[in-house]
Amino acid sequence: MNSEEYKRVKMGVVFSRSLFIKQAFLTLVLAIVLSLVSSGFQFFEGISDQKAEINQDFEELLAVVEKPLSEAVFRLDVDFAQQQVDGLLFSPTISHLEVRDESGNIFVEATGAKRDFSVPKFFTDFFLLDLQNYERKLHLETPDFDAGYLYLWPEKRYLLDRIFKEQLSILVYNLFKDLLLASLLSLVFYFLVTYPLMRLTESLSHVGHNDDIPLPKSFHRHHKLDELGNLHATFASLWKKLNTALSDLERSDSHTKAMIEHAADGILLLDDSNKITLVNLTAELMLKKSAIELKSHSLEALHTPSSWVEFLDVLQNLNLDTPLTVEARYQIQGVELPVEIRMAKYRVQSKVETILLVRDVSERKDAEAHIHRLAYYDSVTSLPNRQYLSDKLCDVLKSSRGTNSSSHSAVVFMDLDRFKTINDSLGHNVGDQLLCCVASQLDSLIDDNIVFARMGGDEFAFLLVHLGDNEVQVEKAVNKFVRSIMYACQQVKKAGHHEVHITASLGATIFNGDGASVEAILKQADTALYRAKESGRNTFALYKTEMQAVSDARLEMEKALHHATESKFFKLYYQPQTNDKNQLIGAEALIRWKDEQKGFISPAVFIPVAEEIGLIVEIGQWVLNESLSQVAIWLKEGKWDPSWRMSINVSPIQFQQAGFLPMLKEQLEKHEVPASCVDLEITENMLLNDLTSSLEKMHAIKRLGVHLSIDDFGTGYSSLKYLKSLPIDRLKIDQSFVRDLLTDKSDEAIVHAVIAMAQALNINVLAEGVETFVHYDRLREIGCFFYQGYYFGHPVPPEDFIAEFVHD
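Heads up, the sequence shown is in the numbering used here, so the first residue is 593 and it goes up one at a time.
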């Protein structure tokens, strides 16, 4: 180690010690430096002052010897002059003397003895460079005589040595004084600063978490208002903030650990080499491995081979601070587990980490599969549903258009005949079993290029794909397929404990994708099915263009009916009901619809359509409200006798509604019409659907005081077995029997039988369709005393009804 390195090390040791030592050392060094600098300035000033004194001394000395030497030269007294010169050499300050005459010749001279000096010659040359030799002119005033010159060489080394000795004492004095002052200052600094700081530091070193800084009261008393007091206050404030920050940090750390440990998702933390470094409890339970096992295995060991390739590619290309969600499959104890992984890569203190939030989505996948099955498959037969078939049909159309193929495909709709009767009579459970049996039996006839679906209810559909380019051959293929379906449907079906015989009606359409839409194709197949059912059922119809006109007409009817229902374009006409004395006993409310384009449309046309499209309940409620409102008006005006009845037709669908009875009560209370003024007409076919429920509802209606009649009696499945138990007040003989009463013995016999049966059961009978006096007279002869028909009056608007049939 060289001297420079040693000095640096030494200085480093000094400055690494306590503040007091540093301060004391620096103070002493500074005092020495300042003292030396000050002494240096004093030294140079002293030299300057000494030079002035030396000059003055030499001038005074020369002035003393000037006259004696001038006289000696004048007298040419060499001895005296030599004596004077030698006397001057007794002063150590003079090195050499010469006296020269006016001609410059040496008159006398003298040189001082040689001496040893401690001061080097170059110091003399440096400090006394401007101290020159002295020259004095010797002049005698009396007589006036220039005697010559006196030359003097000063002893500079002696002079400088004397100056150094004088200045050294000053230097030592100043240095001692400055060192003493520096020591006193250091001591004062120690007691005022260092010692209090040591106490403060010691207190800080022993203070505990959440403790105050312990200091003696004297510290606060002496340093309350000074910088140390402020330092203590600052430390105390910082310590308090630090404690708060530490508490928050500990709480945050605990909270973070708790959140990680109790997170619903599994958490895996990866380092920059994709090695697992952290695992939470959820991940251990999900992956059925401990944290130690997971950390010792590679991430690849968790994935299935196919899943790992895709996941690794995503992981390696993941950018910083760009979260991404992917799905993968883990292999857990031989079982594949579908997972959703939310991953994010970030940088923490120059290190790159990747966090994986792993969620078990097996339940969600099962739910999605279940939802997919619910969305695309029928819950009863497990066959594809309407949506599935529509999507497949859409795919076929897109494929045909994309390849410009002329290949033909077909859609076949199938409807089970009499299924509603079987379902209603044997129960819905048997109906469902029958549907499953049909689906299972027909599924065996389905090829790979055929989609077999249940469209809803008892309606099925087949999508036959890519049957060929020749439309004639395709039509033959469709006919052959339809015959096989119809034959299979005709076979005996086992539904529960029942053996059921059914047939099917089918309609088909052939297409090749040119400009056709899914909706249009399905509509064509439905139109063909509708034509097959119109043709007597157990038949097949292939869609033809002319069928569309019938379908469009029905669609127009449905749209117009919807519009009429919403806008209340219906009106009620009233047809009188009389007795054998031609007295008014009531009226029947008959709905009329006058279309803006087609005029009046018969109820026989639009009522069945309303029943099919679900508008009959709303229309029926409107009829009941309007008719009761009219009766209420007539009652207030005194134009309606309380003994008369307003006959109102009730659709079987409306009657079976759970809210029908409350609605009837509400309407009666709303219009304040006596229940005895209302006669509800129902059809006997309605009773076949659910006799028990119908009977309960009929008895409830009777308890309200409302009359009940069976309309169109004889046209349905009349049975004395249930007729005797019905709480009805009147039977209405259908006009089809009354019309041919005079010419058809069978109709006459039926009318006789109905009247006789009604009389035996104490039920009134009213004949509909009485159009002539002869019919009226014949009915009265055989015991029918209540009538309704054109002979007594046509259906008319309410104001005409009062004008024509109600008399004061």
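Just so you know, even glycine gets a beta-carbon here, dropped at the ideal spot from N, CA and C.
What you are looking at is a predicted structure, and each value in this text was computed from that prediction instead of being measured.
With distances taken Cα to Cα, identify the nearest neighbour of residue i among the options.
i     : options                    : result
N911  : V944, V1343, A828          : V944
F650  : L628, T685, L620           : T685
T1364 : Q1327, Q676, E1396, S683   : Q1327
W1232 : I1394, Y743, G1385, E1210  : I1394
A616  : Y741, A1341, T786          : T786
V988  : D1106, P1234, I1014, V1092 : D1106
V950  : I933, V940, K957, S942     : I933
S710  : G632, L751, I698           : L751
V1051 : Y765, H1367, T1284, D1009  : Per the sequence presented here, residue 1051 reads as Glu, with Val not at that position. Of Y765, H1367, T1284, D1009, the residue nearest in Cα terms is D1009.
M935  : K957, Q1246, L789, V906    : V906
L929  : K880, D1336, T946, S890    : K880
A967  : R956, L981, S954           : L981
I947  : N866, Q1248, K1324         : N866
H731  : N725, G1251, G740          : G740
G704  : S844, E747, A664, A883     : E747
Helix, strand or coil for residue i, going by three-state DSSP, please let me know.
i     : result
S795  : helix
K706  : coil
N766  : helix
P976  : strand
P897  : helix
Y1309 : Legend: pLDDT at Y1309 = 49, less than 50; position of this residue unreliable, value from coordinates given subsequently. Coil at Y1309, not helix or strand.
G1178 : strand
K729  : strand
V953  : coil
R1146 : helix
I1077 : helix
V1298 : coil
N1356 : strand
H1058 : strand
E663  : helix
W1226 : helix
F1384 : coil
I1042 : strand
A920  : strand
F1377 : coil
K1324 : strand
W1236 : coil
T1275 : strand
For residue i, count neighbouring Cβ atoms within 10 angstroms of its own Cβ and tell me buried if that reaches 16, exposed if not.
i     : result
A1100 : buried
Y938  : exposed
N1071 : exposed
P712  : exposed
Y1309 : In this prediction, Y1309 scores a pLDDT of 49, lower than 50, which makes its location untrustworthy; the coordinate-derived value is nonetheless stated afterwards. It counts as exposed.
G1191 : exposed
F1103 : buried
A1181 : buried
T1275 : buried
P1200 : exposed
I1225 : exposed
N1241 : buried
T1468 : Only positions 593 to 1400 of the chain appear in the structure, and residue 1468 is not among them; the question remains open.
A574  : Because the chain in this structure spans residues 593 to 1400, residue 574 falls outside the shown range and cannot be described.
V625  : exposed
V1265 : buried
Assuming residue i contacts residue j (C-beta within less than 8 Å), just tell me the rounded distance between them.
i     : j     : result
S1097 : D1007 : 5 Å
K984  : V1043 : 5 Å
V700  : V670  : 6 Å
V1066 : L1059 : 4 Å
A1117 : F1005 : 4 Å
V1366 : L1334 : 6 Å
Quiz item: With contact counted as at least three CB pairs below 8 Å, one residue from each stretch, are the region 856 to 863 and the region 827 to 836 in contact?
Solution: no
Practice problem: Please determine if the region 954 to 973 and the region 1069 to 1078 are in contact, where contact requires at least 3 C-beta pairs separated by less than 8 Å. | Solution: Remark: fewer than three beta-carbon pairs, one from each stretch, lie closer than 8 Å, so the region 954 to 973 and the region 1069 to 1078 are not flagged as touching.
Practice problem: Could you tell me whether the region 646 to 654 touches the region 781 to 792, where touching means 3 or more Cβ pairs closer than 8 Å? | Solution: no
Quiz item: Three or more C-beta pairs closer than 8 Å, one from the region 1348 to 1360 and one from the region 1151 to 1167: is that the case here?
Solution: no
Quiz prompt | Any 3 or more C-beta pairs closer than 8 Å across the region 755 to 775 and the region 673 to 685 | solution = The region 755 to 775 vs the region 673 to 685: no contact.
Exercise. Report yes or no: do three or more beta-carbon pairs, one from the region 1033 to 1051 and one from the region 970 to 988, lie closer than 8 Å?
Key: yes
Quiz prompt | Touch test, the region 618 to 638 against the region 765 to 779, Cβ-Cβ under 8 Å, three pairs minimum | solution = yes
Self-check item: Cβ pair count under 8 Å reaching 3, the region 1328 to 1337 against the region 1292 to 1302
Solution: no
Quiz item: How about the region 1135 to 1142 and the region 1112 to 1126: do they share at least three Cβ pairs that are nearer than 8 Å?
Solution: yes
Quiz item: Any chance the region 1125 to 1134 sits against the region 1015 to 1030, with 3 or more Cβ pairs inside 8 Å?
Solution: no
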